[in-house]
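K.L.:
Dumping the structure here so I can ask a few things about it.
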Amino acid sequence: MKGAFLPVLTVVIAIIGLWYLAAIPMNIKETLTEAERAGATISGGTAVERRDAGNIALTLRNLDLAAGGWALERPRLPAPHQVAVELYDSTIDEELFSRRGIVQSGEFSNRSLVYHGGVTLAATLLGFLIGTGLGILLAIGIVHNRTMDMSVMPWAIVSQAVPIIAIAPMIIVVLYSVGLQGILPKAVISAYLSFFPVVVGMVKGLRSPDMIQRDLLRTYNATDAQTLRKLRLPASIPYLFASLKIGISASLVGAIVGELPTGAVAGLGARMLAGSYYGQTVQIWSALFTAALLAAALVWAIGLIERRTLRAMGSPA
Amino acid sequence: MTASPALPDRSWIVTPLVSVLAVLAVASLLALAGGSLAAVWNGRFLLILALWLALWVLNGWLASRADSTPGRLLVALVFGAALIGLWELTVRLYDVPPVILPPPSAIWATFIRNIPLLWGDFVQTILKGGMAGFAIGCTAAFLVAILADRFDFLRRGLLPVGSFMAALPIVGTAPILVMWYGFGWQSKAAVVVAMVFFPMLVNTVAGLRDTTAMQRDLMQTYGAGYWQTLVKLRLPAAMPFIFNGLKIATTLAFIGAIVAEFFGSPTVGLGFRISTSVGALALDMVWSAILVSALAGSAFYGIVALIERRATFWHPSQRG
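Listed in order, the protein sequences are those of chains A and B. Going by our numbering, the letters in the first sequence line up with residues 1 to 317, in that order. Going by our numbering, the letters in the second sequence line up with residues 1001 to 1320, in that order.
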């Protein structure tokens, strides 16, 4: 991806520009209401008439006041810098200098996005480890046992077309009613979501060695276990990492969705839900960006491990 | 598996026997550590285990001689039926309360009893929210992909951003979009558009580049212009990638439509049904709604796969 910097920068700047532009008409009604309270003259009629008017028409008639849409307390679409400020406030500022921060209380805040992100991350990683481990085991079983292959594999493929996430609320509630709560129910959902991509990818990977390579090991009189360790597992590594990248983002989605139904108090999903209950749009956006950063970091980390591993295995990549 | 072709393969009987004995041994050890063997060596546990063993042996026997497609299908169906049977048996034998796990028979009865209600949910979530969003999102992504493919600068900018976005938990935009577009199906469609756009974009752009220099040269010697090359060579060549994107999008569409309803919906819809029934501990209803979404999901995926088979019959992956 050499020479991609300038194009990517252009696209990102264009997105931010569009975002600022869109924030004006999206927020125009609230802006005008606030400006009216502050005593400005508004063209476009009374508050009641404005309610039914088009956003863009209102914006064009009040261009002088439009910039107010970037500074509202509770905008419909917060401007990028508002989200950035909220991100800073609820991470670094909250952790260091707030009443609960490290400077004043001596410990890290339990209200910052770092804390909420950590709660979600813990469930994501635990679920991801469980799901990946079980997925790899099942894939090994499927490759070595014809019965398991023919019984389980079609269902594993079908299950990818099913919106599995629909089960999430029920898993949370049922596990809660049998006494399990906290990180584990969310991890179960994460595990479930990352499980099937890993199974399907690993089966493909473990089967990727050619006939000629398996024949060679046969002539060496290698056992099934030796073939697995020396041929199938090394050959499956690229496939494994491809599924791990899908699995880790699925795990994160699972952990976030797992926080929705019980009204959990901690975690990024809980922040989004609370934000949506109380109309705190900036809070939702900052939670969303934290989730996005988390996902990007996780995928990047797996990509890093992938490159290291493949290089150590002698791949040209 | 290592048995030479001359000897009959007995793994279909050996593997299940060994594994069931192993389960019994481990369970007995655990029970001994707990003080009493009665928890394991009683009728209920042994019955479930025996049924599991019998079905495994049956399936192993079927699998060892099934080579045709119907045979493979039968093995998978027997396995599915075995799981449901064991679920039913376990729930009944151990008197599991229906608020934890209802038996399949009860779920089926609820499903049948509530077909009109669930049909309404299906129409609301799948047909209105899911399908509208799927159509808008995929069409938009397709058009942007063609645009990005035309202008190399745009492609080099959009592709990394698109791949990055495709890995993000876009479903998190649901609370924002529900706030913007209200509780109706429009907000669900908007979530679906946001979810399917980037995977579709990335796949289509990748597909449009999947022609060899030789093929493009040939088009040039024919004197074909940009549009002719696009329609006659590059779009057909992109079809496998486009369908891959569409298949990913089908799953994402339903996930988006259902999860968006957790953030607010009218009193109809699969996500609404699931979240309210969970609150009322009516788990048979929850499972019925899950059954509907599973059926809808696999049916829609199947339709896309069928169209793919027709449209890309020339591709190696379709020529079994």
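Glycine included, C-beta positions come from ideal geometry on N, C-alpha and C.
1) Determine the DSSP secondary structure at B/S1281, reduced to helix, strand or coil.
2) For A/T46, I'd like the list of residues in its chain whose CB is within less than 8 Å of its CB, leaving aside the five on either flank, ordered along the chain.
3) Using CA coordinates, which residue listed in B/F1263, B/P1116, B/F1197, B/L1158 is at the minimum distance from B/L1252?
4) Compute the Euclidean distance between the alpha carbons of A/Q318 and B/I1100, then round it to the nearest angstrom.
5) Near A/L273, what residues of its chain come up, given a Cβ to Cβ distance below 6 Å and the 5 sequence neighbours on each side ignored?
6) If you run the structure through DSSP and keep just helix, strand and coil, what is B/M1001?
7) What residue from B/V1192, B/L1032, B/L1053, B/A1033 has the CA that sits closest to B/V1020's CA?
8) When DSSP labels each residue in this structure, what does B/T1090 get in the three-state scheme?
9) Output yes if chain B places a C-beta closer than 8 Å to the C-beta of A/S177; else output no.
10) Is there a Cβ of chain B sitting closer than 8 Å to that of A/A292, yes or no?
11) Count the other C-beta atoms from every protein chain shown that fall within 10 angstroms of the C-beta of A/E73, then say buried if there are 16 or more, exposed otherwise.
12) Assign B/D1121 to buried or exposed, taking buried as 16 or more other Cβ atoms, counted over all protein chains shown, within 10 Å of its Cβ.
13) With DSSP as the reference, label B/G1043 as helix, strand or coil.
14) Does the region 1217-1230 of chain B come into contact with the region 1153-1166 of chain B, if we say contact requires no fewer than three beta-carbon pairs (one atom in each stretch) closer than 8 Å?
15) Taking a cut of 9 Å between CB atoms, which residues from the region 1267-1281 of chain B lie near chain A?
16) Please tell me whether A/P331 has its Cβ less than 8 Å away from any Cβ of chain B.
17) If I'm right that B/F1111 touches B/L1281 with Cβ under 8 Å, what's the distance once you round it to whole angstroms?
18) Within 10 angstroms of its Cβ, does B/L1073 collect 16 or more other Cβ (buried), or is it exposed?
19) Could you check whether the Cβ of A/V173 sits closer than 7 Å to any heavy atom belonging to the ligand GDP?
20) Between B/Q1124 and B/V1268, which are expected to be in contact by the criterion C-beta below 8 Å, what is the C-beta distance as a whole number of angstroms?
21) Return no unless some Cβ of chain B is closer than 8 Å to the Cβ of A/R150.
22) Output the boundary residues of the alpha helix (DSSP H) element that contains A/F195.
23) Anything in the region 1228-1243 of chain B with a Cβ closer than 9 Å to a Cβ of chain A? List those residues in chain order, please.
24) Classify A/M170 as helix, strand or coil using the three-state DSSP reduction.
25) Counting pairs of beta carbons, one from the region 280-296 of chain A and one from the region 1183-1190 of chain B, are three or more of them closer than 8 Å?
26) Rounded C-beta distance between A/S243 and A/P197? I'm assuming under 8 Å.
27) Roughly how many angstroms separate the alpha carbons of A/A235 and A/H144, rounded to a whole number?
28) Residues in its own chain within less than 6 Å of A/L113 by CB, not counting five upstream and five downstream?
29) Can you list, in chain order, the stretches of the alpha helix (DSSP H) that have 4 or more residues and sit fully within the region 225-295 of chain A?
30) Helix or strand or just coil, what does DSSP make of A/D52?
P.N.:
The relevant details are as follows:
1) Here residue 1281 of chain B is Leu; the residue named in the question, Ser, does not match the sequence. Note: B/L1281 maps to coil in three-state DSSP.
2) If we look at A/T46 and ignore the five residues flanking it on each side, it has no Cβ neighbours.
3) The shortest C-alpha to C-alpha distance from B/L1252 to any of B/F1263, B/P1116, B/F1197, B/L1158 is the one to B/F1197.
4) With chain A covering only 1 through 317, there is no way to say anything about residue 318 of chain A.
5) Correct list, in chain order: L260.
6) Below a pLDDT of 50, predicted positions are generally treated as unreliable, and B/M1001, at 44, falls in that range; the measurement from the model is reported next regardless. The answer is coil: DSSP assigns B/M1001 none of H, G, I, E or B.
7) The option with the nearest alpha carbon to B/V1020 is B/L1053.
8) Residue state, collapsed to three classes: helix.
9) At least one chain B Cβ lies under 8 Å of A/S177.
10) Interface residue, yes.
11) By the neighbour-count rule (16 or more Cβ atoms within 10 Å), A/E73 is not buried but exposed.
12) It counts as buried.
13) Shown here, B/G1043 sits in a helix according to DSSP, grouped into three states.
14) Judged by pairs of C-beta atoms under 8 Å, the region 1217-1230 of chain B does not touch the region 1153-1166 of chain B, as fewer than three such pairs exist.
15) Within the region 1267-1281 of chain B, the qualifying residues are L1270, G1271, I1274, S1275, S1277, V1278, G1279, L1281.
16) This structure leaves residue 331 of chain A out entirely; chain A is present only between 1 and 317.
17) The Cβ separation is near 18 Å, so there is no contact.
18) B/L1073 comes out exposed.
19) In the structure on display, the ligand GDP does not appear, and there are no ligands present to speak of.
20) Contact check for B/Q1124 and B/V1268: beta-carbon distance about 5 Å, within the 8 Å limit, so the pair qualifies.
21) Reading off the sequence, residue 150 of chain A comes out as Met, not Arg. Yes - at least one Cβ of chain B is within 8 Å of the one on A/M150.
22) Per DSSP, A/F195 belongs to the alpha helix (DSSP H) from 183-206.
23) Listed by position, the residues of the region 1228-1243 of chain B near chain A (Cβ gap below 9 Å) amount to none.
24) A/M170 falls in the helix class under three-state DSSP.
25) As far as the Cβ criterion goes, the region 280-296 of chain A does not touch the region 1183-1190 of chain B, which means the pair count is below three.
26) Yes, they are in contact, since the Cβ atoms of A/S243 and A/P197 sit about 5 Å apart, within 8 Å.
27) Here the C-alpha atom of A/A235 lies approximately 16 Å from the C-alpha atom of A/H144.
28) For A/L113, where only same-chain residues beyond five positions count, the Cβ hits under 6 Å are S90, T91, T290.
29) With a minimum length of 4 residues, the continuous alpha helix (DSSP H) runs that stay inside the region 225-295 of chain A are 233-258, 268-278.
30) Residue state, collapsed to three classes: helix.
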